[in-house]
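Structure first, then comments.
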Amino acid sequence: MPDTRGAAPKKPGFSEETRFLSAVAPGDGWWALALGVAVLILYAVTLAPTVATVFDDSLEFQIVLPALGIAHPTGYPLYTLLGWLFSLLPVGDDAFRVNLLSTVAGAAALSVMFLAARQLGSSRLAAAAMSVTFAVSSIWWSQATIAEVYTLHGLFVALILLLTLLGNGTRSPWLALVFGLSLAHHRMTLLLAPGVLVYLLWNDPGVLRRPRDLGMLAGAFLLPLLLYAWLPLRGLTTSSLDGTYINTVQGFLRHVLASDYGSFLSSNPLAVERPAGYPLNLLTSQVGLLGLLLGLAGWLRFPQQPRRLTLLALVFAVNMIFAAAYKTADVDVFYIPAIMVWLLVASVGLTILLDSLGAMLASTGRQMRFPGPYKAWLAGLSLIVLAVVLARPAQEALATMQTSTRLQACNEVLAVGETPALTPNRRGDWNVFNCGQAILDQPLPENAVIIGLLGETSLVRFMQQAHDLRPDITTVTADDQTARLQAVAEALAGGKATYVTREMPGLAETYSLTAQGPLIRVWPAGEAMPDPLAHAVDVPFGDQVRLVGYDYGPLAAHDAALLRLQLAWQVDAPVGEELKVSARLLDASGEIVASQDAVPVHWAYPTTAWRPGETVIDAYDFVLPADIDPSTLTPLVILYRSANGEEVGRFSLQ
Numbered sequence: 001m002p003d004t005r006g007a008a009p010k011k012p013g014f015s016e017e018t019r020f021l022s023a024v025a026p027g028d029g030w031w032a033l034a035l036g037v038a039v040l041i042l043y044a045v046t047l048a049p050t051v052a053t054v055f056d057d058s059l060e061f062q063i064v065l066p067a068l069g070i071a072h073p074t075g076y077p078l079y080t081l082l083g084w085l086f087s088l089l090p091v092g093d094d095a096f097r098v099n100l101l102s103t104v105a106g107a108a109a110l111s112v113m114f115l116a117a118r119q120l121g122s123s124r125l126a127a128a129a130m131s132v133t134f135a136v137s138s139i140w141w142s143q144a145t146i147a148e149v150y151t152l153h154g155l156f157v158a159l160i161l162l163l164t165l166l167g168n169g170t171r172s173p174w175l176a177l178v179f180g181l182s183l184a185h186h187r188m189t190l191l192l193a194p195g196v197l198v199y200l201l202w203n204d205p206g207v208l209r210r211p212r213d214l215g216m217l218a219g220a221f222l223l224p225l226l227l228y229a230w231l232p233l234r235g236l237t238t239s240s241l242d243g244t245y246i247n248t249v250q251g252f253l254r255h256v257l258a259s260d261y262g263s264f265l266s267s268n269p270l271a272v273e274r275p276a277g278y279p280l281n282l283l284t285s286q287v288g289l290l291g292l293l294l295g296l297a298g299w300l301r302f303p304q305q306p307r308r309l310t311l312l313a314l315v316f317a318v319n320m321i322f323a324a325a326y327k328t329a330d331v332d333v334f335y336i337p338a339i340m341v342w343l344l345v346a347s348v349g350l351t352i353l354l355d356s357l358g359a360m361l362a363s364t365g366r367q368m369r370f371p372g373p374y375k376a377w378l379a380g381l382s383l384i385v386l387a388v389v390l391a392r393p394a395q396e397a398l399a400t401m402q403t404s405t406r407l408q409a410c411n412e413v414l415a416v417g418e419t420p421a422l423t424p425n426r427r428g429d430w431n432v433f434n435c436g437q438a439i440l441d442q443p444l445p446e447n448a449v450i451i452g453l454l455g456e457t458s459l460v461r462f463m464q465q466a467h468d469l470r471p472d473i474t475t476v477t478a479d480d481q482t483a484r485l486q487a488v489a490e491a492l493a494g495g496k497a498t499y500v501t502r503e504m505p506g507l508a509e510t511y512s513l514t515a516q517g518p519l520i521r522v523w524p525a526g527e528a529m530p531d532p533l534a535h536a537v538d539v540p541f542g543d544q545v546r547l548v549g550y551d552y553g554p555l556a557a558h559d560a561a562l563l564r565l566q567l568a569w570q571v572d573a574p575v576g577e578e579l580k581v582s583a584r585l586l587d588a589s590g591e592i593v594a595s596q597d598a599v600p601v602h603w604a605y606p607t608t609a610w611r612p613g614e615t616v617i618d619a620y621d622f623v624l625p626a627d628i629d630p631s632t633l634t635p636l637v638i639l640y641r642s643a644n645g646e647e648v649g650r651f652s653l654q
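Reading the sequence shown from the start, the letters are residues 1 to 654 in this note's numbering.
Dropping the structure here:
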């Protein structure tokens, strides 16, 4: 076959003999730009305004990237440098700026995906339709509105596929350079290697006999990997957020190679169980049934495009196999490259459908002598087909745009697993920020210590770093429960005001506890000396407990009304049964507007552990819509037996 690289296309079609789109066709750039801008606007409208998660990587990146720190394995040096540049933008806080990187990368990926679809012979309408389908798929969209690595990886996947399909990857350094840059970002890039190598060698087997070209390609590929040198350089002054990065040769290699993550392939440390049909069900949920069928139709073009479709088939298969075998909780994001590839092939299938309908229309029109120009009829039919194909994505996108973030108090925000990670629409999601502010924007003693899980202490560090809230506070991260108890003992021994973020077995039996906002203050047993609350009362609740004080009022919060109710319980005698508190807010008609039922002190200090003579401060935060007037609400406190719900007493704070 003659070498047609650089030759102009002879005519539209799917045959690889003509290589009809050996470069970006005139006009395609404008289509790609228009798609990218439209998607950029969509993602920007639904972008998280600040921190949006606690127990995943997003919060870590929002701390590490603005500080040019070291992220978790594999270190993500390219993403870190880009995130640092975005953090310099004069808009929003650090978290918003890093979120914006995901939005820009996500929109750019859609533009490149459109161009890659055109290289497969897809019509502009078909390429645009499948790109839009990918743009509004829930998994991809969810990664474009928070700080995460997957939209940048998706951009590199699309770029690598585009540059490979352009057909001169062995004679130009660009493909090798982009592949190296991608690997400096995410190691899943290696999953593209089998398909890319097969395509390049099939297209140009003679490259193996050209040492000069091989040297050029190797140099272009290896050059971006020098970005990993950032880790040992930065490691001279800091470690990773969780402190696991060790700045030695062995520690560097372990971090870059993500050696500890191999257990998710070799074993099942999180006991994740998924049905055999999970990958297919997930693919269908993202591309829709029509997208699935159009993809199958596109694969039927293999005889006309064996090299191109072999490339895509290998990329699809390797990524699907990896994701299916990777036993981690957030596995859905690892299917993103496979979803993208399927929709690229679906654009071929849609083009086949449109061409076939056009041919049928032309034949029928000649026989029946349709009035008017043929192109008008064809355009109308094409629009009808596209409307059917895009109906489901449009409906789901509209539903996503109409969703709103449910307001959450800090106790919900800090509950592991309560906040869904794959949430496309993050517009107005201030829950995590408000929680961080509620933790620190209160009268904590100077140089206090807060001990908690990595996500919880990371939230505190973000508020300190990005908003200069209480930089004197020390955080201690201890995911292991035994380590947290040890940290509590050490902080108290050092004379520090000591706080924990959640209940722990053994804590109530060893120490006295009081609530301070969302935090739990730990005191030596029987030595709790909390400050008195604003309003003094003396209301008996049975023979053992009296309510001796309360405080109630609004706190600072974004796009919400945050109300805090604090209660002071005086313990007169041992409480021999477990009692629970029902804290309620009532409107003028007596209807319940909000309520919380809990074991006192954030589930940490059951009444059976209360010590006679001590005062136990309890606290409840309510988050309500911003337009609610707190002065119209009346707090009601009920103490009841947890065993049978029998009421011990109640008090209305009128």
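Idealized CB from N, CA, C, for every residue including glycine.
| Check | Outcome |
| --- | --- |
| Taking 8 Å as the threshold (C-beta atoms), are Leu155 and Ala193 in contact? | no |
| Alpha carbon to alpha carbon, how far is Tyr150 from Trp523? | 44 Å |
| Where does Glu273 fall in DSSP's three states? | coil |
| Check the C-beta distance from Val500 over to Gly452 and give it rounded, since I have them as a contact under 8 Å. | 6 Å |
| Excluding the 5 residues preceding and the 5 following Ala534 in the sequence, name in chain order all residues of the same chain whose CB lies nearer than 7 Å to its CB. | Asp551 |
| So, with DSSP's three-state summary, where would you put Asp260? | helix |
| Taking DSSP as the reference, what is the three-state secondary structure of Phe686? | With the chain running from 1 to 654 in the structure shown, residue 686 is simply not present. |
| Along the chain, where does the beta strand (DSSP E) containing Glu60 start, and where does it finish? | Per DSSP, Glu60 belongs to no beta strand (DSSP E); it is in the alpha helix (DSSP H), 57–64. |
| Look up Ile628 in the DSSP assignment and say whether it is helix, strand or coil. | coil |
| Taking 7 Å as the limit between beta carbons, can you name the residues of its chain near Ala44, skipping five residues before and five after? | Thr103 |
| Would you say Gln143 and Ala95 are within 8 Å of each other, going by their C-beta atoms? | no |
| Would a C-beta distance cut-off of 8 Å place Pro49 and Gly83 closer than the cut-off? | no |
| Is there at least one Cβ from chain D nearer than 8 Å to Ala147's Cβ? | Absent from the structure is chain D; it holds one protein chain and no more. |
| State the DSSP-derived secondary structure class of Asp538, mapped to helix, strand or coil. | strand |
| Is there contact here, the region 124–137 with the region 275–290, by at least three beta-carbon pairs under 8 Å? | yes |
| Whole angstroms are fine: how far does the CA of Val64 sit from the CA of Thr237? | 14 Å |
| What are the residues that DSSP puts in a beta bridge with Ala598? | Val581 |
| Can you tell me whether DSSP reads Thr46 as helix, strand or coil? | coil |
| So, at 8 Å on beta carbons, what are the nonlocal neighbours of Tyr261 in its own chain, with the 5 sequence-adjacent residues on each side left out? | Pro73 |
| Determine the direct distance from the alpha carbon of Ile617 to that of Asp543, and round the result to whole angstroms. | 19 Å |
| Taking contact to mean at least 3 C-beta pairs separated by less than 8 Å, is the region 168–178 in contact with the region 313–326? | no |
| Do you know offhand how far Ile41's Cα is from Gln402's? | 16 Å |
| Check whether the Cβ atoms of Ala128 and Trp31 sit closer than 8 Å, and answer yes or no. | yes |
| So, is Asn431 buried or exposed, given that buried needs 16 or more other C-beta atoms within 10 angstroms? | buried |
| With a CB to CB cut of under 6 Å and the five nearest residues on each side skipped, what residues in its chain are close to Asn99? | Leu47, Ala48, Ile146, Ala147 |
| Comparing alpha-carbon positions, which option in Trp174, Ser87, Leu309 lies nearest Leu120? | Leu309 |
| Identify the continuous alpha helix (DSSP H) that holds Asp213 and give its terminal residues. | 211–222 |
| With H, G and I counted as helix, E and B as strand and the rest as coil, what does DSSP make of Phe651? | strand |
| Between Val198 and the rest of its own chain, which residues show a CB-CB distance below 8 Å, the 5 nearest in sequence each way excluded? | Thr310, Leu311, Leu314 |
| Buried or exposed for Pro90, going by 16 or more other Cβ atoms inside 10 Å? | exposed |
| Assign Thr632 to buried or exposed, taking buried as 16 or more other Cβ atoms, counted over all protein chains shown, within 10 Å of its Cβ. | exposed |
| Helix, strand or coil for Leu241, going by three-state DSSP, please let me know. | coil |
| In angstroms, rounded to a whole number, what distance separates the CA positions of Ala415 and Val54? | 9 Å |
| Pull up the distance between the alpha-carbon of Val132 and that of Thr608, whole angstroms please. | 59 Å |
| Within 8 Å, do at least three Cβ pairs link the region 590–598 to the region 489–506? | no |
| Within 10 angstroms of its Cβ, does Asn203 collect 16 or more other Cβ (buried), or is it exposed? | buried |
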